[in-house]
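Following: one structure in structure tokens, then a few remarks.
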Amino acid sequence: MKILHTCYTYAPWRDGVAEIVRRLSEELARRGHDVHVATGCVPGRPKQAVLNGVEIHRFDISGNLITGLKGEVQKYRNLVSTGNWDIVVNHCLQTWHTDAIVDDLTKYKWPTILVTQGLNLKAPRFRKYYESVGPKLRAYYKWIRVSNITEEASFASKFGLPVPEIITNGVDVQEFSRPALGVRQLWGIGSAPWLVNVSNHYGNHHKNHRMFFKFASSLGSSLRAECCLIGDPYPMGRWKLGALGISGGCFYECLLRSVASRTVELVRSAPRELVVSSIQEADLIISTSRWEANSVVLLESMAAGTPWISTDVGSARENAGGVVVSTLQEMVAAAARLLTDPVLRQRLGEEGRARAVAKHDWRKVAAQYEELYLGAARSYTAAGEFRQSSYANS
Numbered sequence: 540m541k542i543l544h545t546c547y548t549y550a551p552w553r554d555g556v557a558e559i560v561r562r563l564s565e566e567l568a569r570r571g572h573d574v575h576v577a578t579g580c581v582p583g584r585p586k587q588a589v590l591n592g593v594e595i596h597r598f599d600i601s602g603n604l605i606t607g608l609k610g611e612v613q614k615y616r617n618l619v620s621t622g623n624w625d626i627v628v629n630h631c632l633q634t635w636h637t638d639a640i641v642d643d644l645t646k647y648k649w650p651t652i653l654v655t656q657g658l659n660l661k662a663p664r665f666r667k668y669y670e671s672v673g674p675k676l677r678a679y680y681k682w683i684r685v686s687n688i689t690e691e692a693s694f695a696s697k698f699g700l701p702v703p704e705i706i707t708n709g710v711d712v713q714e715f716s717r718p719a720l721g722v723r724q725l726w727g728i729g730s731a732p733w734l735v736n737v738s739n740h741y742g743n744h745h746k747n748h749r750m751f752f753k754f755a756s757s758l759g760s761s762l763r764a765e766c767c768l769i770g771d772p773y774p775m776g777r778w779k780l781g782a783l784g785i786s787g788g789c790f791y792e793c794l795l796r797s798v799a800s801r802t803v804e805l806v807r808s809a810p811r812e813l814v815v816s817s818i819q820e821a822d823l824i825i826s827t828s829r830w831e832a833n834s835v836v837l838l839e840s841m842a843a844g845t846p847w848i849s850t851d852v853g854s855a856r857e858n859a860g861g862v863v864v865s866t867l868q869e870m871v872a873a874a875a876r877l878l879t880d881p882v883l884r885q886r887l888g889e890e891g892r893a894r895a896v897a898k899h900d901w902r903k904v905a906a907q908y909e910e911l912y913l914g915a916a917r918s919y920t921a922a923g924e925f926r927q928s929s930y931a932n933s
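For the sequence shown, our numbering assigns the number 540 to the initial residue and increments by one for each residue that follows.
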């Protein structure tokens, strides 16, 4: 099959969606498919490249359905409309690569699929966006959600759409089966209890790093734990200041907090292998997010056999191997309990690892997507004429 995935970010960016689309694309390429990715520009990187068998097309575009689209919009639309694809898959709403073509879907001679990666319906700033885009989703052949807990079901009911199918996110189980690299010693952690948060510095603060700093300072001296925040800053988008090396998001705020508090060690731009080893070697993975769909970091924690504590967001309650909390106080109490109970930590780690192997291995997840894509392509005639989708028949 000739497949086009579209996403806001892609490698070398390492946010959750970028990692999901990369893993899926590379696995499908290994299975013999011709896989392409349309995504945003990366400073210093060519606009067209091949990475691990996947052809990448980068576009300088900003905006969305409500604010308007700027940049190489027509160039992107031309790629989509002339690529003679077997299937086109948009990953996420609220992004230019989906919004730029959502009105053209019925014109294509191939099926289109939307993978929402979660919705953020409760945010007032997105209300107008969802009201506008909701009716347009009927043009998709199918849409996919990554968890049974996310908000797509209520959204579908509001706009008279079928409830989307579920394909969970995946993790490279083999990557987390390799021996750890001794990051504790490399970074001077030693044998102290080590609590790690792995999340990037976004401008909307949805990773809630402020809560992680409060959590670290609330642990108390009796636990003598080391806390580490591993994440990358993003180039500042405003006035294209990122091109000058200025970071956006909450990075500078977190940097100041780490200097002032001395309770959290800030690590940025760590090589992937060291991030993996950190997850393996940590005593606990801590997630303070305000919003998630199906957190890749929690899946990675499970694959590593490391117990986790997470706020009650996204699919956390569906996962194994950790504790879900609602408040800062509950998070501190859960950490104190787990750090003083190695038997419980081991049991949770084993439960998480078993679930990751059984349900979230990328090879199994990619096989589900491959079956979906092949079925969608078969639903179109040999001449490539549009055949009514499950949405249009609803």
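Even glycine gets a Cβ: it sits at the ideal position worked out from N, Cα and C.
Would you identify the three-state DSSP class for residue i, choosing helix, strand or coil?
| i | result |
| --- | --- |
| P674 | helix |
| Y930 | Residue placement at Y930 is poorly supported in this model, since its pLDDT is 43, which falls under 50; the coordinates still yield a value, given next. Three-state result, Y930: coil. |
| I785 | Only weak support is given to the placement of I785: the predicted model assigns it a pLDDT of 49, under 50, and the value that follows is read from those uncertain coordinates. Looking at I785 - three-state DSSP - the assignment turns out to be coil, as it is neither helix nor strand. |
| S949 | Nothing in the structure corresponds to residue 949, since the chain is present only between 540 and 933. |
| C793 | helix |
| A832 | coil |
| A809 | coil |
| G849 | Correcting the residue type first, residue 849 is Ser in the shown sequence and not Gly. Strand at S849. |
| G888 | helix |
| S757 | helix |
| G861 | strand |
| P881 | helix |
| H899 | helix |
| W778 | Bear in mind that a pLDDT of 42 at W778, under 50, signals an unreliable position, so the number given afterwards is only what the model happens to contain. It is helical. |
| H740 | strand |
| L913 | helix |
| S826 | strand |
| A873 | helix |
Please name the residue in the options whose C-alpha comes closest to that of residue i.
| i | options | result |
| --- | --- | --- |
| A915 | H596, D625 and Q613 | D625 |
| L604 | D900, N629 and T634 | T634 |
| W726 | K681, C767, R801 and E910 | C767 |
| E857 | A895, V581, S601 and R677 | A895 |
| L567 | L911, S757, D851 and K661 | L911 |
| H745 | L653, I652 and T827 | T827 |
| S865 | T545, F754 and E890 | F754 |
| D797 | I818, L813, E812 and E765 | In the sequence as presented, Asp is not what sits at residue 797; that position holds Ser. The shortest C-alpha separation from S797 is found at E765. |
| F698 | Y680, R666 and G673 | G673 |
| V612 | I640, E691, S738 and M870 | I640 |
| P810 | V836, A832, G844 and G770 | G770 |
| Y615 | T545, R562 and K681 | T545 |
| V654 | V628, W901 and I542 | V628 |
| L762 | A897, S693 and L877 | L877 |
| A873 | S757, V836 and N687 | S757 |
| L658 | D851, L867, W847 and N833 | N833 |
| R884 | L734, S808, E594 and S564 | L734 |
| T802 | L837, R749, G788 and P772 | R749 |
Since residue i and residue j should fall inside the 8 Å C-beta cutoff, what is the C-beta to C-beta distance between them, to a whole number of angstroms?
| i | j | result |
| --- | --- | --- |
| D822 | P732 | 5 Å |
| M841 | G853 | So it is not a contact: roughly 14 Å between Cβ atoms. |
| F715 | E839 | 7 Å |
| L644 | T651 | 5 Å |
| G579 | Y547 | 6 Å |
According to DSSP, which residues form a beta bridge with residue i?
| i | result |
| --- | --- |
| F598 | G579 |
| P551 | Paired residue(s): none; P551 is not in a bridge. |
| W726 | Paired residues: none, contrary to the question. |
| I542 | V574 and I626 |
| E804 | C767 |
| W733 | E765 |
| A588 | I595 |
| L653 | N629 and W682 |
- 4-residue-minimum alpha helix (DSSP H) runs that sit fully inside the stretch 603-644, ordered along the chain: 612-621 and 635-638
- What runs of the beta strand (DSSP E), each 3 residues or longer, lie entirely inside the stretch 655-724? 681-684
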